[in-house]
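In what follows, a single structure is set out as structure tokens and then discussed.
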Amino acid sequence: MKYIFKPKNRIECISRHGDYHGFFVIKNIELVISAKNPRHLQVLMKFRHRIEEEFVNYLNAKSYKKDPEN
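Have a look at this one:
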């Protein structure tokens with residue numbers, strides 16, 4: 552089984568039974584947040600879910616950009 556992630560959130564799966572094409576959306580991701588200053592870490596951890604949500608939105612927006620090859 553081979554998975555190929557393409558621009559604009561497309562995915563291809565190549566197996567011995569055939570090729571499958573589809574799309575994906577990033578919905579959830581887990582980040583490990585660290586900081587040298589304990590106070591900074593405390594504030595970042597307080598907003599961890601919001602940071603994760605913004606990161607997912609960033610990745611989805613980045614995936615939808617037109618790639619330079621096409």
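For the sequence shown, the positions run 552 to 621 when my numbering is used. Backbone N, C-alpha and C fix where the C-beta goes; we use that ideal spot for every residue, glycine too. Fair warning: this is a prediction, and the values are worked out from it, not measured in the lab.
Does the distance from the C-beta atom of L595 to that of I584 stay below 8 Å?
Yes. Within cutoff.
With DSSP collapsed to three states, give me the class of I562.
It is a strand residue.
Which of the three DSSP states is assigned to H568 in this structure?
In the structure shown, H568 sits in coil (DSSP, three-state: anything other than H, G, I, E or B).
What does a CB cutoff of less than 6 Å around Y571 pick up in its chain, not counting 5 residues either side in sequence?
Correct list, in chain order: C564.
Within the present structure, is the beta-carbon of Y609 separated from the nearest heavy atom of the ligand FMN by less than 7 Å?
Of the ligands one can find in the structure shown there are none, so the ligand FMN has no counterpart to examine.
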